[in-house]
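Numbering (our numbering), first residue to last: 23 to 129. Glycine residues also receive a C-beta, built at the ideal position from the N, C-alpha and C atoms.
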């Protein structure tokens, strides 16, 4: 996975509403847009914007059905992201025992 793709996916997952949408879509093979909209206490336009970010990152696919859309999770992209993140974590040296992550600073 390219660094840009990894960054795009991380950014897409960086908002709690988008994580909630991912969780909703993970429960079904396909989900009507109306069901996504009714599951979240946000304006339809706001949810549509979040879905667009997830689609642009490749995490969600959609297709038109009648006057609406059907959305589904693209698990292969999420799985590849998880593998890449785990690989980064495993290859990184441990932080000094003197520094905890909360107190570490960049030099």
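Contact defined as beta carbons within less than 8 Å: I believe residue i pairs with residue j. What is the distance between those atoms, to the nearest angstrom?
i	j	result
residue 95	residue 48	5 Å
residue 53	residue 92	7 Å
residue 64	residue 81	Contact doesn't hold; Cβ gap of about 18 Å is too wide.
Any idea what DSSP makes of residue i, helix, strand or coil?
i	result
residue 73	helix
residue 67	helix
residue 96	coil
residue 51	coil
Can you name, in chain order, every residue of its own chain whose Cβ lies under 6 Å from the Cβ of residue i, other than the five neighbours on each side?
i	result
residue 61	46
residue 39	72
What's the C-alpha gap between residue i and residue j?
i	j	result
residue 27	residue 107	12 Å
residue 36	residue 79	12 Å
residue 43	residue 115	34 Å
residue 113	residue 102	16 Å
residue 68	residue 56	13 Å
residue 75	residue 83	11 Å
Can you tell me where the beta strand (DSSP E) holding residue i begins and where it ends?
i	result
residue 87	82-87
Which stretch, first to last residue, makes up the alpha helix (DSSP H) that contains residue i?
i	result
residue 38	38-48
residue 33	25-34
For residue i, I'd like the list of residues in its chain whose CB is within less than 7 Å of its CB, leaving aside the five on either flank, ordered along the chain.
i	result
residue 66	59
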